[in-house]
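Following: one structure in structure tokens, then a few remarks.
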């Protein structure tokens, strides 16, 4: 969960300092920003950046940060971003692959997207783990995965390409590697999708 994380926590979780990767005037979008502490700390240190935070629950008001309350699936950004982060927020999303694809399309040329993704929360309709198969396809499409950190990343705005269709979410997945309750994302195997449309 990402309710109260600050910049130092982001550095530890991501393995890099977000502010060091951003040039003056560039924009950073934090999806699932919680109370927005990391962005407000960033604004104090780097007033030259454009900072946007999205969360289901409205964060504290700040003139230096654009906070948006709402679901990520409904978000329509008005700009592109040099950095998009999802620090332990993707665990609670139903269609994880759908959001990753949309978020990747919001990147600047050379922009970076980084998101925690627990492969154990990706399932096929029959309940079997879909993570290894999906990760192999993501890697073919230019995504990188740091297994120890469970961190998925990509550079550049290209969407991830064709992936299994979303079939539903299971909110009773129980705790994931963070110890917090998570949501299983359920997908159709490619042959299940073709059979369905016959």
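Numbering (my numbering), first residue to last: 573 to 770.
Beta carbons are placed, not taken as given, at the ideal position from N, Cα and C, and that holds for glycine.
Closest option to residue 619, judged by alpha-carbon separation, among 603, 676, 638: 638.
Note that the C-beta distance between residue 729 and residue 681 is below 9 Å. With respect to residue 683, residue 655 sits close: the two C-beta atoms are nearer than 9 Å.
When the beta-carbon positions are compared, residue 736 and residue 761 come within less than 9 Å of each other. Taking 9 Å as the cut-off, the beta carbon of residue 669 is found no closer than this to the beta carbon of residue 742. Contiguous alpha helix (DSSP H) elements confined to the region 654–691 occur at 668–676, taking only those with 4 or more residues. The region 580–592 makes no contact with the region 630–646; the number of CB pairs closer than 8 Å stays below 3. Cβ contact annotation for residue 739 (same chain, cutoff 7 Å, sequence separation greater than five): 697, 758, 759, 760, in chain order. In this chain, residue 715 is not harboured by any alpha helix (DSSP H), its DSSP state being neither H nor E. Under the three-state reduction of DSSP, residue 578 is assigned to coil, being neither helix nor strand. Put simply, the backbone Cα of residue 615 is about 8 Å away from that of residue 622. For residue 614, no beta strand (DSSP E) segment is defined; the enclosing uninterrupted segment is the alpha helix (DSSP H) at 609–617. Under the three-state reduction of DSSP, residue 762 is assigned to helix. DSSP lists 753 as the bridge partner or partners of residue 747. Residue 711 sits in a helix when the DSSP states are folded into three classes.
The Cβ-Cβ distance between residue 690 and residue 753 does not fall below 9 Å. Sorting 594, 599, 627, 597 by C-alpha distance to the C-alpha of residue 609 places 627 at the top. A distance below 6 Å between beta-carbons, with the five flanking residues on each side excluded, links residue 657 to the following residues of its chain, in chain order: 602, 686. Look at residue 725 here: in three-state DSSP terms it is strand.
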